[in-house]
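Residue numbering for the sequence shown follows my numbering, beginning at 61 and increasing consecutively. Virtual Cβ for every residue (Gly too), placed ideally from N, Cα, C. Just so it is clear, the structure is predicted and the values come from calculations on it, not from any experiment. Here's the structure we're looking at; comments come further down.
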Amino acid sequence: MGEPLLWQTAQPVAEEEFGSPGLLALIADMEATMAAANGAGLAAPQIGVSKQLVIFGGFVSPRYPDAGPVPYTVLCNPVIEPLPDAEIVEDWEGCLSVPGLRGLVPRPAAVRYRGFDQYGHAIDRVATGFHARVAQHESDHLFGVLYPMRIRDFTSFGYTDVLFPGQLPAED
Ligand code: NI
């Protein structure tokens, strides 16, 4: 947090980039970074690349032990819409770009997200629960938004090891 790239709107993935060695190598780098940090997801700007590309899901992160399963997803150029009747719900979020902290973040509980995988195949899904939350959190990274900017009640924002002593890895 503080790196200017994280406040910017990232560049869309161009048609000719889908399936290219460069894009696939970037995704492999992001997968390794996400796994090393036990992240639930990662956006390209978090590793210094201004591209509308996120990855999320695929395993249960020890940083989010209560999260339901989320399919492993590579999502380029995402567009996310809340479902018309979606409630706004709050849940705890952290971020690899905001280490050591957690905050209670309000978000729509159910969304439709669309975009493309790394080969340019269309993705169009409805997601709820943690799946909806992580898709929104990661997509926010592509439009200059970090989760603390969405917090309404700052009494629910603090250090992980103070909020959840002994329950979650303190370094995140
Ligand atoms: Ni994040």
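Contact set for residue i: own chain, Cβ-Cβ below 8 angstroms, skip 5 residues either direction
i    : result
P229 : N98, P122, R123, T220
L143 : P168, A170, V171, R172, V186
I87  : L113, I115, V134, Q178
F203 : T69, A70
Distance cut-off 7 angstroms: residue i Cβ against heavy atoms of ligand 1
i    : result
C155 : yes
H197 : yes
H201 : yes
Outcome for residue i when other beta-carbon atoms lying within 10 angstroms are tallied against a minimum of 16
i    : result
D200 : buried
A187 : buried
Q68  : exposed
F190 : buried
T215 : exposed
H197 : buried
F176 : buried
P125 : exposed
V222 : exposed
Q106 : buried
Q227 : exposed
V139 : exposed
Contacts around residue i, its chain only, beta-carbon distance under 7 angstroms, and the 5 residues preceding and following it disregarded
i    : result
R212 : P166
Q71  : S110, K111, Q112
N137 : P72, V73, Q112, G175, F176
L65  : P105, G108, S110
G154 : R123, L161, R162, T220, D232
CB-CB length for residue i against residue j, believed under 8 angstroms
i    : j    : result
V194 : G117 : 7 angstroms
G245 : G82  : Shown here, the chain extends from 61 to 232; a query on residue 245 therefore has no answer.
G218 : L156 : Contact flag wrong, Cβ pair sits at about 17 angstroms.
V158 : P208 : 6 angstroms
Cutoff 8 angstroms: residue i Cβ touching any chain B Cβ
i    : result
F203 : Annotation note: the requested chain B is absent from the structure, which comprises a single protein chain.
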